[in-house]
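Going by this note's numbering, the sequence shown wraps up at 638, each residue one higher than the last. Note sheet for the following structure.
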Amino acid sequence: MDQPLPEGNPLSVSNSGPSSTDASAGANTHQNETAATSKLASDAEVDVDADSDSAHQDDMQLDEENEVSNSTQPAHVETQRGIRPEQASQNGISPQDDRPASQASVERVERNGPANYSLFDNPPNIAKIRQVLFECKDPIEISFEEFETYWPFIDNAWVKQRSNSSKEGHCTTDYYMCRLRRPTRTSQSRALQEGKKSRKKSSREGGFCNFHIKVVRFEGAYSTVTISRTPGSSRVHAHDLDYIDKVKRNSGLMEFARREAVKGYLPSSIFTKFQEEPRKLIEAGGKFLTIADVRNVSSKWRIQNPDIKLIAHPGYEYQQGHGIVRVNGAGGQDETPHQEIVEQEQKPPLPPDTLPFPQFPLDFLEPYLPNPDERRQFPHVTLSYASSMDSKVSLMPGMQTVLSGPEAKLLTHYLRSRHDAILVGVGTVLADNPGLNCRLEGAGGYGGLGRMWQPRPVVVDPTGRWDVHPGCRLLRTAVELKGKAPWIVVSPGAQIHPQKLMMLKGYGGDYLRIVEYNHFWRLRWEAVLRALAAEGIQSVMIEGGGTVLSELLNPEYSDFIDSIIVTVAPTYLGRGGVNVSPDSKRDDQGKPKAALSPRDVTWTPMGQNVIMCGKIRVPPPSDAPVSSGAEGVSREGS
1 MDQPLPEGNP
11 LSVSNSGPSS
21 TDASAGANTH
31 QNETAATSKL
41 ASDAEVDVDA
51 DSDSAHQDDM
61 QLDEENEVSN
71 STQPAHVETQ
81 RGIRPEQASQ
91 NGISPQDDRP
101 ASQASVERVE
111 RNGPANYSLF
121 DNPPNIAKIR
131 QVLFECKDPI
141 EISFEEFETY
151 WPFIDNAWVK
161 QRSNSSKEGH
171 CTTDYYMCRL
181 RRPTRTSQSR
191 ALQEGKKSRK
201 KSSREGGFCN
211 FHIKVVRFEG
221 AYSTVTISRT
231 PGSSRVHAHD
241 LDYIDKVKRN
251 SGLMEFARRE
261 AVKGYLPSSI
271 FTKFQEEPRK
281 LIEAGGKFLT
291 IADVRNVSSK
301 WRIQNPDIKL
311 IAHPGYEYQQ
321 GHGIVRVNGA
331 GGQDETPHQE
341 IVEQEQKPPL
351 PPDTLPFPQF
361 PLDFLEPYLP
371 NPDERRQFPH
381 VTLSYASSMD
391 SKVSLMPGMQ
401 TVLSGPEAKL
411 LTHYLRSRHD
421 AILVGVGTVL
431 ADNPGLNCRL
441 EGAGGYGGLG
451 RMWQPRPVVV
461 DPTGRWDVHP
471 GCRLLRTAVE
481 LKGKAPWIVV
491 SPGAQIHPQK
501 LMMLKGYGGD
511 YLRIVEYNHF
521 WRLRWEAVLR
531 ALAAEGIQSV
541 MIEGGGTVLS
551 ELLNPEYSDF
561 IDSIIVTVAP
571 TYLGRGGVNV
581 SPDSKRDDQG
591 KPKAALSPRD
601 VTWTPMGQNV
611 IMCGKIRVPP
621 PSDAPVSSGA
631 EGVSREGS
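Okay, structure coming up:
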């Protein structure tokens, strides 16, 4: 693993030479600026000689400029009269300002703030989020604002292929491939001007990473961006993030350089200030930033503003043989040179209902949790609920009963974070008006990115009893970016008003109409799970209510239920409570037998509760590929 940059002197003699611009050089200056513009390297070229061959020459030119600017009676002073008014206003300089360009530039910059300021404006937790967006292990759902904030810091890893939009225009999908998916090639050399030296070039590497993603933008009652791998993509990149940062710089980092370049600062001065904050530089993806990268950004602005003389930052000066360095004690600067500017990062306040991440061991859960690398036809299904000693989940139908202690409550939210969806029956929704989200610190809406760790609520409502409306907790949670909008599973006979359908879709939810029944004229659980798999759900946590849990505990569903995790409370609720139990079973001789016996059972004390974990599924489902589910489910309005 690469080590962070040293915090000592960030410059060396070989690459510290600043770029120079002589505002009084006339035609020669224009030729130099044109040559600087030609140094803009595409991602197929690497500017190698910019740091070595021209460093000494740039130092000498800057030394001559310093002597001229420090002279008491300069032979010639360039003014701003030659700049167009609209160009001067863009530069922040009045067209009537007759002061020297260097003096006007200094005063313009000094009004922007203190000399000892940070060049970085990194978003919160940028290093971790860059890694998450690069790996894209699971679908990532974030807001438009978060996408615009973080995407520029990872756009160097991707090349856009194509885009398409829905007929209504509410959904736009952009397809990207890894930058190293393109074939290896060496760009053709262009014809050189007379007397110009050719640059050293290296071949662009590529053709060895088959990682593809799609970025789906949805605009509705709330707007969201979903980033996920496309079918046929590799599961992982063939390289790490450091490698792509070395190949190309991201636009977020280069925007920091551009903001300083348009103020009229020397590229070498900008590069020096970058290197004074190595931690922030690495977090933003600038581990391999070179002075040539800063020069390329600066030259675009310099060609549009040839009459403005570039200067060093206040408190910095050129020293021959060392480039731009900070002056000790100059301009109110700190006495310690090259000291990293450390700022207190202000974390946004967390919602009052945030739960702390569990601090107790959770390893005992791993054998019973979904394996994301496992290829399967149906989702991983976990039955999880809290029960009393007499197998009751509530005191009476429709009454919410608390059975979990504080530790078990954290455990439940952790289990939610490990599943793609939470499934409950309509009775639970009508009785409890639940949020069905993860409230742990670090989850989406609770200090995390987008809707990270947030499962998709799934409500089984065959007859359409639930009158979903904007004031219900599930939709309010989605609007507050603390969870996802629900999918409602209905039967063909359910009457869904078109306005209700459009309202739910506007929040990011939907209706799934299942058209398969069992011999009791109930919806087939196999069809429900197949439909969820067709929608990309790889794991489902079923929390209730009592009717749903009791039915799925019957042995005929043992091929579809992977694990069971029960929180047992030290209490008896009595005979009037809602019971969770499978139907009684008999053997071939008519004798009673156990309905279900989980295997690999563990018991783990947790506060006032005990956690029982077990496995149910023995034979794996068919290895046939996942069907589209078209015969068993239809999306409303599609």
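Where is the CB? At the ideal position from N, CA and C, for every residue including glycine.
query, result
"Cβ-Cβ distance between Ile244 and Arg181 below 9 Å", "no"
"Completely contained alpha helix (DSSP H) runs for the stretch 363-448, where each covers 4 or more residues", "406-417 and 426-432"
"Length at least 3, wholly inside the stretch 224-293: the beta strand (DSSP E) runs in chain order", "224-229"
"Glu524 to Val381 span [Cα, whole Å]", "It is worth fixing the name first, because residue 524 is Arg in this sequence and not Glu. Using only the alpha carbons, I get a separation of about 15 Å."
"Straight-line Cα distance separating Ser539 from Tyr385", "16 Å"
"Proximity of Asn250 and Ser233 at Cβ, strictly below 9 Å", "no"
"Gly590 in three-state terms, based on DSSP", "coil"
"Per-residue DSSP class, three states only, for Met541", "strand"
"Limits of the alpha helix (DSSP H) - the one that Ser143 falls within", "Note, Ser143: premise wrong, no alpha helix (DSSP H); not H, not E."
"Same chain, Cβ closer than 7 Å to Gln495, five either side skipped, listed in chain order", "Gly464"
"Spatial distance of Ala531 from Tyr511 (CA atoms)", "11 Å"
"Candidates Leu350, Asn371 and Asp293: closest to Leu266 by CA position", "Asp293"
"DSSP three-state assignment for Asp307, whether helix, strand or coil", "coil"
"Host beta strand (DSSP E) of Pro605 (start-end)", "Arg599 to Met606"
"Other residues of its chain near Leu192: CB distance less than 8 Å, five sequence neighbours each side excluded", "Ser198"
"Buried or exposed by the 16-neighbour rule on C-beta atoms within 10 Å, applied to Trp603", "exposed"
"Residue burial classification, Ser166 (beta-carbon count within 10 angstroms, cutoff 16)", "exposed"
"Reduced DSSP category for Lys160 - H, G, I as helix; E, B as strand; rest coil", "strand"
"Helix, strand or coil at Phe218 [DSSP, three-state]", "strand"
"Strand pairing of Asp353, partner residues [DSSP]", "The partner list for Asp353 (beta bridge, DSSP) is empty, contrary to what the question assumes."
"Residue from Leu573, Asn125 and Tyr557 with nearest C-alpha to Arg617", "Tyr557"
"Opposing strand residues paired with Asn518 [DSSP bridges]", "In DSSP, Asn518 forms no bridge with anything."
"Cutoff 6 Å; reference Val429; Cβ partners in own chain excluding five residues on either side", "Val459 and Trp466"
"Alpha-carbon to alpha-carbon, Lys500 and Ala468", "With the sequence shown as reference, residue 468 is identified as Val, and Ala is not the correct amino acid for it. Computed Cα separation, rounded: 8 Å."
"Where the beta strand (DSSP E) containing Gly323 begins and where it ends", "Gly323 to Arg326"
"The beta strand (DSSP E) enclosing Pro457, as first and last residue numbers", "Arg456 to Val460"
"Own chain residues within Cβ distance below 8 Å of Gln674, not counting five before or after", "Summary: the structure shown does not reach residue 674, with the chain confined to residues 1 through 638, and so no result is reported for it."
"Beta-carbon spacing of Pro457, Asn437 below 9 Å", "yes"
"Buried versus exposed, by CB contacts within 10 Å (16 or more), Met452", "buried"
"Outcome for Lys128 when other beta-carbon atoms lying within 10 angstroms are tallied against a minimum of 16", "exposed"
"Outcome for Ala594 when other beta-carbon atoms lying within 10 angstroms are tallied against a minimum of 16", "exposed"
"Leu369 versus Pro314 - alpha carbon distance", "57 Å"
"Residues that Leu523 bridges to, as DSSP identifies them", "Tyr517"
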